[in-house]
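Position one of the sequence shown corresponds to residue 18 (this note's numbering), numbered consecutively onward.
Every residue gets a Cβ at the ideal spot worked out from N, C-alpha and C, and that includes glycine.
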Amino acid sequence: MRLFLTAGLEVLRTANADPSITHIVTVLVRNALPANDRRHKDFGVYPAELVKGHDACVWALGRSTSGTTEVEYTTITYDYPVAAFNAFVANLEPNQPFRFVYFSSDGADPSGKSSLLFARVKRRAETDLLAVSDAAGSAVHAQMLRPGYFSPSDAQDRKRTRSRGSRVLDSVMAPLLRSAPKYIVPIHDLARVALGLANGSLRDEEVLSNTEIRQAANKIPGHDKL
């Protein structure tokens, strides 16, 4: 499988350890991530030579609403992935299978009218990505992951990829949420499920809740070894 990945350090590590994935193109904006990425300056435009020939995309790129304007957050969370998916679809061969896995969020609002910015924008992205998939035909699948709280399990990863404020929040929230598993997902489980959807080995449901992500992870061979 040829995989296109945006951000997601744990997804990248898991993909590198998967022999079924023969080629990975990572288009990243976090400088702390490994160096096998292909820098891309305009995330609203995807030339054919960048997207052609892939079997799947895992879109893990995103950011917190904290310290971000609505325009900036919408650009990153909605405009970029929708533009990318349209570019992939436009460059597929006839009847070529393709899967697009989008990291949405627990709390994405079905009505699109939530007072919470992330809930509105994530749901809008889900809706339009699924519409692109439906219009592209049965060989193309878009699947939405709605994880709850997650953070890098490794201290150095947290230091490199999380702001100081986010790390403080991690230290407070993680112990509290461990007693409420429906609101949290281990990051290695999230990565494995994302890749399971990308390679078609997991079910084809359009939207997976946090609970369903955890259930899907339990069905992946070798889960108990993690």
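Checklist entry - By how many angstroms is the C-alpha of Asn-108 removed from the C-alpha of Ala-65? => result Mapped onto the sequence shown, residue 65 falls at position 48. Mapped onto the sequence shown, residue 108 falls at position 91. Whole-angstrom Cα-Cα distance: 6 Å.
Item to check | Backbone secondary structure at Phe-117 - three-state DSSP | outcome: In the sequence shown, residue 117 corresponds to position 100, counting from 1. Residue state, collapsed to three classes: strand.
Checklist entry - Asn-112: which of Asp-72, Asp-96, Ile-93 and Ser-122 sits nearest, CA to CA? => result On the sequence shown, position 95 is the one that residue 112 refers to. The residue with the shortest Cα to Cα distance from Asn-112 is Asp-72.
Checklist entry - Can we say the stretch 153 to 162 touches the stretch 113 to 128, given the rule of at least three CB pairs closer than 8 Å? => result yes
Next on the checklist: Is the beta carbon of Val-99 closer than 8 Å to that of Leu-147?
Outcome noted: Reading the sequence shown from its first residue, position 130 is the one you call residue 147. Reading the sequence shown from its first residue, position 82 is the one you call residue 99. No, they are not a contact pair.
Checklist entry - With C-beta atoms as the reference, is Ile-41 less than 8 Å away from Leu-20? => result As a first step, residue 41 is located in the sequence shown; it is residue number 24 there, counting from the start. As a first step, residue 20 is located in the sequence shown; it is residue number 3 there, counting from the start. For Ile-41 and Leu-20, yes; Cβs fall inside 8 Å.
Checklist entry - What's the C-alpha gap between Ala-136 and Asp-206? => result What you label residue 136 is simply residue 119 of the sequence shown in a count that begins at 1. What you label residue 206 is simply residue 189 of the sequence shown in a count that begins at 1. Spanning the two alpha carbons is a distance of roughly 23 Å.
Checklist entry - So the beta strand (DSSP E) Thr-43 belongs to, where does it begin and stop? => result As a position in the sequence shown, residue 43 is number 26, starting the count at 1. From DSSP, the beta strand (DSSP E) with Thr-43 extends over 40 to 43.
Item to check | Closest by C-alpha distance to Leu-225, when choosing among Tyr-63, Pro-36, Ala-24 and Glu-143 | outcome: For the purposes of this step, residue 225 is identified with residue 208 of the sequence shown, where counting begins at 1. Distances from the CA of Leu-225 to each of Tyr-63, Pro-36, Ala-24 and Glu-143 were compared; the closest alpha carbon is that of Glu-143.
Item to check | Distance between beta carbons of Ala-77 and Gly-25, contact taken as under 8 Å | outcome: Here the question's residue 25 lines up with position 8 in the sequence shown. Here the question's residue 77 lines up with position 60 in the sequence shown. Indeed, because the Cβ distance is near 3 Å, the residues count as touching under 8 Å.
Checklist entry - Which of helix, strand or coil does DSSP assign to Ala-159? => result Your numbering for residue 159 matches position 142 in the sequence shown. DSSP places Ala-159 within a strand segment (E or B) once states are collapsed to three.
Next on the checklist: DSSP three-state label for Thr-85, please.
Outcome noted: Against the sequence shown, residue 85 aligns to sequence position 68. Correct three-state label for Thr-85: coil.
Item to check | C-alpha distance - Pro-238 paired with Asp-96, whole-angstrom precision | outcome: What you label residue 238 is simply residue 221 of the sequence shown in a count that begins at 1. What you label residue 96 is simply residue 79 of the sequence shown in a count that begins at 1. Going from the Cα of Pro-238 to the Cα of Asp-96 covers about 35 Å.
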